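Student: Numbers given in the working numbering equal positions in the sequence shown, counted from 1, plus 27.
We treat Cβ as the ideally placed atom computed from N, Cα and C, and that holds for glycine.
Only a predicted model underlies this, so the values are computations on that prediction, with no experimental measurement involved.
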Amino acid sequence: MFLGKENNLEIIRFFTIWTKCTYYGQYGVARKIDPVQVKKVLNKTEKLYVFFTSHPEEKKSLRLIDSRLGTRQHKLAVCPAPILHYAEWTVLPQFFEMWIEHGATKFYLYHHSISPEVDALFHIYENDPRIEIERVPWGIIPVPENTSEAEDVNKQIFRGEHVLAWNDCIMRSRGKTKYLALSDFDEVFVVFQNQSFLSVLENALKAEPATGAFMFRSTPASYKHTYSNVTHPTQITFENYGLINAERRTLPAGTMSKIVVIPERILSTNVHFPWAMEASFTKKVISPKTSKILHLRCLSS
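#1: What separation, rounded to the nearest whole angstrom, lies between the Cα atoms of E161 and A114?
#2: Following the continuous alpha helix (DSSP H) through M304, name the residue where it begins and the one where it ends.
#3: Decide if R365 is buried, meaning its Cβ has at least 16 other Cβ atoms within 10 Å, or exposed.
#4: Can you grab the Cα-Cα spacing for the pair Y250 / S210, in whole Å?
#5: Return helix, strand or coil for Q220, following the three-state DSSP convention.
#6: Below 6 angstroms CB to CB, which residues in the same chain sit around C25 once its five sequence neighbours on both sides are set aside?
#7: By how many angstroms is the C-alpha of R244 removed from the C-alpha of S314?
#8: Look at the alpha carbon of L278 and the alpha carbon of K86, and state the distance between them as a whole number of angstroms.
#9: Rank F123, I293 and N297 by C-alpha distance to the C-alpha of R157 and give the top, closest one.
#10: At the level of alpha carbons, what is the spacing between E37 and Q220?
#11: Taking the alpha-carbon of I263 as reference, which of W116, H82, K319 and K74 has the nearest alpha-carbon?
#12: What residue range is occupied by the uninterrupted beta strand (DSSP E) comprising L148?
#13: Does the distance from the C-beta atom of F216 to that of H101 stay below 9 angstroms?
#14: Alpha carbon to alpha carbon, how far is L232 from F308?
#15: Nearest CA to the CA of H189: which residue from I60, W302, V298 and V77?
#16: Rounding to the nearest angstrom, what Cα-Cα distance links L228 and Q222 in this structure?
#17: From this set, D93, P83, C106 and K205, which residue's C-alpha is nearest F16's C-alpha?
#18: Among E176, T132 and W165, which one has its Cα closest to the Cα of D155?
#19: Consult DSSP for M198 and reduce its assignment to one of helix, strand or coil.
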């Protein structure tokens, strides 16, 4: 649970895009919380619980994170989608180095199931003094051992419910970073007109101060993967990114686009576009002549 300015319980519902995936995520906004109790929970002298009123004895304790706006520790943070069944560790250095070059100093990694090599690569960057990494466990929902596949809730959730994860990340990053980029490993944000990525955001915000979400349009692209025989990170170079085949078209906003948000200004988001903004804040589509995404598809060499 995240402590902000909200106080009542309002359930925010999401939808699933696959009919067989009948389970989806929800989160609630609690209102009219006693500030004295909140202080006790933050000081760990009391605990916070959630339960169904029909079964109050089956309560679960919640961790309370203080997300009230103070002095932000970071200018730019990055949150990829939940990492599940992931083993392709050789593409991760490009992801981290690109975002570090763009000015990111914080990464939220929602991990579900990863290979030992991916875990080891994460450890390398966890020891990088330039950045801070926060791992968020996003694992399998416990079910009885003899549960059938038809009744296993884990078989009815699309991609680890990444929409919920990104909305959780928005709440988690409030008060911690000015900008939060919601991006996948196969997306490269390119900037034109002799600007930096942060200057694109700053200039857009200066032009429209009420902006709470920046939408970046996408261009499909491909490149050849040459790391199939790599066994150590020191063997990786970025030369294969020097030859990228990009299509001439740029997809419309909302189709394969991604967003960068000011966490305190957005209530909820989908994968490719923001759903609801806080108060009177708005979304802004960044011109592809200024900056856009190359949505990379890897071709075997």
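Tutor: Inspection of the coordinates gives the following:
#1: 19 angstroms
#2: Per DSSP, M304 belongs to no alpha helix (DSSP H); it is in the beta strand (DSSP E), P301 to M304.
#3: Past the boundaries of the shown model lies residue 365; the chain is included only from 28 to 328, so the question cannot be answered.
#4: 19 angstroms
#5: Taken through DSSP and simplified to helix, strand or coil, Q220 comes out as coil.
#6: The chain is shown only over 28 to 328; residue 25 falls outside these bounds and no answer can be derived.
#7: S314 and R244 have their C-alpha atoms roughly 8 angstroms apart.
#8: 46 angstroms
#9: F123
#10: Confidence at E37 is low in this model, with a pLDDT of 44, below 50, so the placement of that residue is unreliable and no value is reported for it.
#11: W116
#12: Boundaries for L148: no beta strand (DSSP E) harbours it, while the alpha helix (DSSP H) harbouring it runs P143 to E153, taken from the DSSP string.
#13: no
#14: 11 angstroms
#15: V298
#16: So the two alpha carbons sit approximately 10 angstroms from each other.
#17: No answer is possible for residue 16: the residues shown for the chain start at 28 and end at 328.
#18: T132
#19: helix
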